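K.L.:
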Amino acid sequence: MFKGIRTVMIFSEDPEKSARWWSHVLDTPVHRDVAGTNVYTWLDVAGIEMGFHMLDEQRNKRGGSPVPYWSVDHLETAREMLLGAGCTHHRGPLDVGDGTGRRIAQLVDPFGNIIGIDGY
Numbered sequence: 001m002f003k004g005i006r007t008v009m010i011f012s013e014d015p016e017k018s019a020r021w022w023s024h025v026l027d028t029p030v031h032r033d034v035a036g037t038n039v040y041t042w043l044d045v046a047g048i049e050m051g052f053h054m055l056d057e058q059r060n061k062r063g064g065s066p067v068p069y070w071s072v073d074h075l076e077t078a079r080e081m082l083l084g085a086g087c088t089h090h091r092g093p094l095d096v097g098d099g100t101g102r103r104i105a106q107l108v109d110p111f112g113n114i115i116g117i118d119g120y
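According to our numbering, the sequence shown is numbered sequentially starting from 1.
Shown next as structure tokens:
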């Protein structure tokens, strides 16, 4: 069911600036939101998406840890399994807006850590 980490999302006051800094450090190009809303930028780092999103002081505060996103085939199946294992809902599911039907969701594990799932 879980195939590996697909995305690590970093929440920032200035996602574009953060992405440019990491782009320079890692010598890789910046990609921008495919939905055209300019709320998300990312780098492809060895096949793993390193994403940068605007801070959300209610859900993902400054200084919080990055959110790893597990790649899954069936988002709802994985989400229900995690909820059944003791996770609680945090955010989503949300369509990423790339026209493929890809969606993401965040849950809180029993220890207070936010984890993400990414799939269809």
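Note that the Cβ used here is the ideal one computed from N, Cα and C, for glycine as well. For clarity, every value in this text was computed on a predicted model and none was experimentally measured.
What whole-angstrom Cβ distance do Y40 and H53 have, given they're in contact under 8 Å?
P.N.:
That pair is a contact at about 6 Å.
K.L.:
Excluding the five sequence neighbours on either side, which residues of its own chain have a C-beta within less than 8 Å of the C-beta of I48, listed in chain order?
P.N.:
Within the same chain, I48 has close Cβ partners I5, R6, T7 and V8.
K.L.:
Provide the residue(s) that pair with R32 in DSSP beta bridges, ordered along the chain.
P.N.:
In the DSSP output, where bridge partners are listed per residue, R32 has T41.
K.L.:
Which whole-angstrom value is the C-beta distance of G116 and I104, which I expect to be below 8 Å?
P.N.:
Right, their Cβ atoms sit about 6 Å apart.
K.L.:
My assumption, with CB atoms under 8 Å, is that D98 sits in contact with A35. Please give the rounded CB distance.
P.N.:
The pair is a contact, with the Cβ atoms about 7 Å apart (cut-off 8 Å).
K.L.:
To the nearest angstrom, how far is it from the Cα of W21 to the Cα of Y69?
P.N.:
If I take the Cα positions, the gap works out to 22 Å.
K.L.:
Can you give the Cα-Cα distance for P29 and M50, rounded to whole angstroms?
P.N.:
P29 and M50: Cα-Cα distance of roughly 11 Å.
K.L.:
Cutting at 6 Å between CB atoms, please list the residues of its own chain near H31, excluding the five before and the five after it.
P.N.:
Taken in chain order, the residues that qualify are W42.
K.L.:
Below 7 Å CB to CB, which residues in the same chain sit around D14 once its five sequence neighbours on both sides are set aside?
P.N.:
None.
K.L.:
Less than 8 Å between the C-beta atoms of V72 and I114, yes or no?
P.N.:
No; because the gap between Cβ atoms is not below 8 Å, this pair is not in contact.
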